[in-house]
Amino acid sequence: AKNLGRNRFHYFTPCMQKEAQARRRLISDLRLALADRQFRVQYQPIVDLSTGAISKAEALIRWQHPTRGMVSPAEFIPIAEETGLIVEIGDWVFREVAWQLSRWRERYPQLVVSLNTSPVQYRNSGIDHHGWFRYLHDMGVPASAISVEITEGLLLDTSTAITNQILRFREAGAGVALDDFGTGYSSMSYLSKLDIDYLKIDRSFILDLAPESESVALYEAMIVMAHKLGIKVIAEGVETEEQCRILKAVGCDYAQGYLFSRPVLPEEFEALLRDGPAR
Ligand code: C2E
Ligand code: CA
Ligand code: CA
Ligand code: CA
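Numbered according to full-length UniProt numbering, the sequence shown spans residues 644 to 922.
Written out as structure tokens, the structure is:
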């Protein structure tokens, strides 16, 4: 609505019509994608900084469209959320992960895979906990092999309906991780309210993590507080040896980032499990 004044109510320019059309096409493509098996899950290792070994992985969805090519989750997840398709997509990711875990856990019984969950899934009662736990059971995978990542925004929603859903994961033995910490509005006080196992410090904090910089103090303060609350810390977006060294020095528990590996398809992740991360 740039055209104020006389044309104040003339909102739909031809350009916007095109945008709306493109959006509708993306939505219908997204609906087809599940049935047409266009989604994949990639796994990014999460390294235990005290041992240097891979102890977990984050599952990240990929959409390989026949003509669009790879569509970034940053592009389609918001649309999946707006349309409610995220519920089905979230179920699909969960089943995919459960199936992979049933294969991997035989050889790597401690491996934990973390999956992203959207606030929309919780708000629409889109997570069938009972069904999920039964599925894991049928696959021979304990609930403790998964961890769910939630975003800060969800914690602001203090309705018991939502906290109960998060608690059901914990009661079953699954981990709960707070994703993108530091980007939203929540503070440490929210952490103590809900039993969280892991805090994932957002990549934006690592960008200026250099010796003597203020962000080192910030990082350290977040880690100390998390530890006091019994929460382990995962640093996101670790790309350099120097960042890794500083993270170890300030007591960070786990690290994830291109330094160790990009997200990779299951076969490649298996090779990483076997041979260890590249560094
Ligand atoms: P996120 O949960 O914060 O995931 C981390 C993102 O950072 C991933 O982007 C990952 O590829 C990227 N990343 C990891 N290490 C590095 C690094 O060292 N440097 C840089 N620059 N980036 C790094 P991706 O896979 O494109 O996913 C983007 C977002 O889409 C995710 O952010 C998450 O919010 C969402 N997403 C992905 N998969 C799913 C899913 O299955 N369900 C839901 N609800 N959301 C998902
Ligand atoms: Ca995440
Ligand atoms: Ca994140
Ligand atoms: Ca992030």
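Every residue gets a Cβ at the ideal spot worked out from N, C-alpha and C, and that includes glycine.
(request) Grab me the residues of residue 858's own chain with a C-beta within less than 7 Å of its C-beta, minus the 5 sequence neighbours each way, in chain order. (result) Looking up residue 858 in the sequence shown gives position 215. Here the set comprises 848, 851, 852.
(request) Alpha carbon to alpha carbon, how far is residue 701 from residue 775? Give it in angstroms, no decimals. (result) Mapped onto the sequence shown, residue 775 falls at position 132. Mapped onto the sequence shown, residue 701 falls at position 58. If you take the alpha carbons of residue 775 and residue 701, they lie about 18 Å apart.
(request) Under 6 Å Cβ to Cβ from residue 659, same chain only, skipping five residues before and after it: list those, please. (result) Within the sequence shown, numbered from 1, the residue matching residue 659 stands at position 16. Counting only Cβ-Cβ distances below 6 Å, and skipping sequence neighbours, we find nothing.
(message) Is the separation between the beta-carbon of residue 876 and that of residue 845 shorter than 8 Å?
(response) Counted from its first residue, the sequence shown places residue 876 at position 233. Counted from its first residue, the sequence shown places residue 845 at position 202. No. Outside cutoff.
(request) Express the C-alpha separation of residue 855 and residue 730 in angstroms, rounding to a whole number. (result) Along the sequence shown, one-based indexing puts residue 730 at 87. Along the sequence shown, one-based indexing puts residue 855 at 212. C-alpha separation (whole angstroms): 45 Å.
(message) I'd like to know if the segment 708-718 and the segment 760-775 are in contact, where contact means that at least 3 CB-CB pairs between them fall below 8 Å.
(response) no
(request) Give the secondary structure of residue 910 by DSSP, where H, G and I count as helix, E and B as strand, and everything else as coil. (result) Here residue 910 is taken as the residue at index 267 of the sequence shown, counted from 1. In the structure shown, the three-state DSSP call for residue 910 is helix.
(message) Can you tell me whether residue 699 sits near ligand 3, meaning its C-beta is under 7 Å from at least one heavy atom of the ligand?
(response) Locating residue 699 in the sequence shown gives position 56, where the first residue counts as 1. No, ligand 3 has no heavy atom inside 7 Å of this Cβ.
(message) Just to confirm, is the Cβ distance from residue 761 to residue 724 under 8 Å?
(response) Within the sequence shown, residue 761 is the residue found at index 118, counting from 1. Within the sequence shown, residue 724 is the residue found at index 81, counting from 1. Yes.
(message) Following a CB-centred definition, is residue 880 positioned closer than 7 Å to any heavy atom of ligand 1?
(response) Here the question's residue 880 lines up with position 237 in the sequence shown. Residue 880 Cβ: within cutoff of ligand 1.
(message) Quick check: the segment 731-747 against the segment 687-694, are at least 3 beta-carbon pairs closer than 8 Å?
(response) no
(message) Does residue 882 come out as helix, strand or coil in the three-state DSSP assignment?
(response) Within the sequence shown, residue 882 is the residue found at index 239, counting from 1. Residue 882: coil per DSSP, three-state reduction.
(message) Let me make sure I understand the geometry here. Which of 806, 862, 864 has the alpha-carbon closest to that of residue 839?
(response) Taking the sequence shown and counting its residues from 1, the one referred to as residue 839 is at position 196. Ranking 806, 862, 864 by Cα distance to residue 839 puts 806 first.
(message) What would DSSP say about residue 803, mapped onto helix, strand or coil?
(response) Indexing the sequence shown from 1 puts residue 803 at position 160. Helix at residue 803.
(message) So, with DSSP's three-state summary, where would you put residue 760?
(response) On the sequence shown, residue 760 is found 117 positions in, with the first residue counted as 1. If DSSP states are grouped into helix, strand and coil, residue 760 belongs with coil.
(request) Have a look at the DSSP bridge pairing and note the partners of residue 845. (result) Translated into the one-based positions of the sequence shown, residue 845 becomes position 202. None; residue 845 has no bridge partner.
(message) Give me the pocket residues for ligand 2, defined as CB within less than 5 Å of any heavy atom, sorted by chain position.
(response) 759, 792, 822
(message) Quick check for students: name the residue ranges of the beta strand (DSSP E) that lie wholly in the segment 671-723, counting only runs of 3 or more.
(response) Assignment of beta strand (DSSP E) within the segment 671-723, counting only whole runs of 3 or more residues, yields 682-691, 697-708, 712-714 in chain order.
(request) Locate the alpha helix (DSSP H) running through residue 740, then write down its first and last residues. (result) Looking up residue 740 in the sequence shown gives position 97. Unbroken alpha helix (DSSP H) run through residue 740: 729-750.
(message) Please return the same chain residues whose Cβ sits closer than 6 Å to the Cβ of residue 818, not counting the five positions on each side in sequence.
(response) Your numbering for residue 818 matches position 175 in the sequence shown. The residues are 790, 840.
(message) Considering only the alpha carbon of each residue, which of 803, 843, 886 lies closest to residue 865?
(response) One-based indexing of the sequence shown puts residue 865 at position 222. Residue 865 has its Cα closest to that of 843, out of 803, 843, 886.
(message) Tell me which residues share the same chain as residue 867 and place their Cβ nearer than 8 Å to its Cβ, disregarding the 5 neighbours each side in the sequence.
(response) Here the question's residue 867 lines up with position 224 in the sequence shown. Contacts found: 894.
(message) Measuring only the C-alpha atoms, how far is residue 919 from residue 697?
(response) Locating residue 919 in the sequence shown gives position 276, counting from the first residue. Locating residue 697 in the sequence shown gives position 54, counting from the first residue. One C-alpha to the other measures close to 7 Å.
(request) Could you name the residues of the same chain whose beta carbon sits closer than 6 Å to that of residue 792, not counting the 5 residues immediately before and after it, in chain order? (result) If you number the sequence shown from 1, residue 792 lands on position 149. 757, 759, 820, 822.
(message) Please report the straight-line C-alpha distance between residue 719 and residue 728, rounded to a whole angstrom.
(response) Residue numbering aside, residue 719 sits at position 76 when the sequence shown is read from its first letter. Residue numbering aside, residue 728 sits at position 85 when the sequence shown is read from its first letter. So the two alpha carbons sit approximately 10 Å from each other.
(request) Could you pull out every residue in the same chain whose Cβ sits closer than 6 Å to the Cβ of residue 903, ignoring the five residues on either side in sequence? (result) As a first step, residue 903 must be located in the sequence shown, where it is residue number 260. Cβ neighbours of residue 903 beyond the five flanking positions: 688, 690, 920.
(request) Using only alpha-carbon positions, find the residue among 686, 869, 815 that is nearest to residue 835. (result) On the sequence shown, position 192 is the one that residue 835 refers to. Considering only alpha carbons, the answer is 869.
(request) Leaving out five residues on either side along the sequence, give the residues of the same chain with a beta carbon under 6 Å from the beta carbon of residue 705. (result) As a working note, residue 705 is residue 62 in the sequence shown. Hits under 6 Å: 683, 685.
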